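Chemist: Got a structure here, written out as structure tokens. Questions coming.
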Amino acid sequence: QGHYGLQLGGGRRITPNFAWEMDLPTYQQDLDTPGTITAPVFGTKDPRSTLTTTGIAGTAMLIQPFEALEIHAGLGLGVYAVRFKTTGQQFGVPAQLTRDQNSLGWHATAGISLKVANQLRVGLDYRQLKVQASFSDVAPGTVEAGGGACFLLLRYEP
1 QGHYGLQLGG GRRITPNFAW EMDLPTYQQD LDTPGTITAP VFGTKDPRST
51 LTTTGIAGTA MLIQPFEALE IHAGLGLGVY AVRFKTTGQQ FGVPAQLTRD
101 QNSLGWHATA GISLKVANQL RVGLDYRQLK VQASFSDVAP GTVEAGGGAC
151 FLLLRYEP
């Protein structure tokens, strides 16, 4: 399954061991098109669909500094827009079905960073995002959006 994540954010370190962050995360994942979605009359449906999750999230971060190296872990909440999209063709013309839903979600994050210049750090961050969305008119039950993703981290600390 295809999956990617992208995130832009900023924050403020309150103490050497605690920081608040605000992020604009985006996750996209490919999934099998639910069997409840039927092809249009004289048309076809693609076997794969896309679930895109974007939002605004806040994170409380605990940080353990070791000289130039730091490890961090955090928990947060956010408001997310989840879009389900599937494509196909009708009479040979491209067609698509989209459904949108807004949901609350939570995430956990952990990572490591290394100081590479006076106010610059680089590192890796893993984030697990959990958002439940319901598209009941096209698929039964709830869909687990988000998932896990690794991010390259570039942090400027004035």
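Read in the numbering used here, the sequence shown has 110 at position 110, and its numbers run on one by one without any break. Idealized CB from N, CA, C, for every residue including glycine. This structure is a prediction, so every number in the text was calculated from the model and none was measured.
By DSSP, does Ile63 sit in helix, in strand, or in coil?
Modeler: In the structure shown, Ile63 sits in a strand (DSSP, three-state: E or B).
Chemist: Between the alpha carbons of Ala145 and Thr52, how many angstroms are there, rounded?
Modeler: Approximately 8 Å, taken between the alpha carbons.
Chemist: So, are the CB atoms of Glu21 and Gly9 less than 7 Å apart?
Modeler: Yes, the Cβ-Cβ distance between Glu21 and Gly9 is below 7 Å.
Chemist: Where do the ends of the beta strand (DSSP E) carrying Asp137 lie?
Modeler: From DSSP, Asp137 is part of no beta strand (DSSP E); its letter is neither H nor E.
Chemist: Which residue from Ile71, Leu152, Ile56, Ala95 puts its Cα closest to that of Asn102?
Modeler: Selected option, being the one with the closest Cα: Ile56.
Chemist: According to the Cβ coordinates, are Trp106 and Leu77 closer than 7 Å?
Modeler: Yes. Within cutoff.
Chemist: Should Gly11 and His72 be called a contact, given that it needs their Cβ atoms to be closer than 7 Å?
Modeler: No, these two residues do not count as a Cβ contact at 7 Å.
Chemist: So who's on the other strand from Gln28, going by DSSP bridges?
Modeler: Beta-bridge pairing links Gln28 to Tyr4, Thr52.
Chemist: Please identify the residue among Val116, Ala108, Leu129 whose C-alpha is closest to the C-alpha of Leu154.
Modeler: Residue Val116 is the option with its Cα nearest to Leu154.
Chemist: Select from Leu120, Gly148, Tyr156 the residue whose C-alpha is nearest the C-alpha of Pro25.
Modeler: Residue Gly148 is the option with its Cα nearest to Pro25.
Chemist: Can you grab the Cα-Cα spacing for the pair Thr50 / Glu67, in whole Å?
Modeler: So the two alpha carbons sit approximately 43 Å from each other.
Chemist: Using the Cα positions of Pro94 and Thr86, report the straight-line distance between them to the nearest angstrom.
Modeler: Those two C-alpha atoms are separated by around 11 Å.
Chemist: Here's a check: name, in chain order, each residue in its chain whose Cβ is nearer than 6 Å to the Cβ of Asp137, leaving out the five neighbours to either side.
Modeler: Nothing listed; no residue qualifies.
Chemist: Hey, would you say Gln7 sits closer than 7 Å to Phe151, going by beta carbons?
Modeler: Yes, they are a contact pair.
Chemist: Let's test the definition: count the other Cβ atoms within 10 Å of the Cβ of Thr59 and tell me whether it reaches 16, buried, or not, exposed.
Modeler: Buried is the call here.
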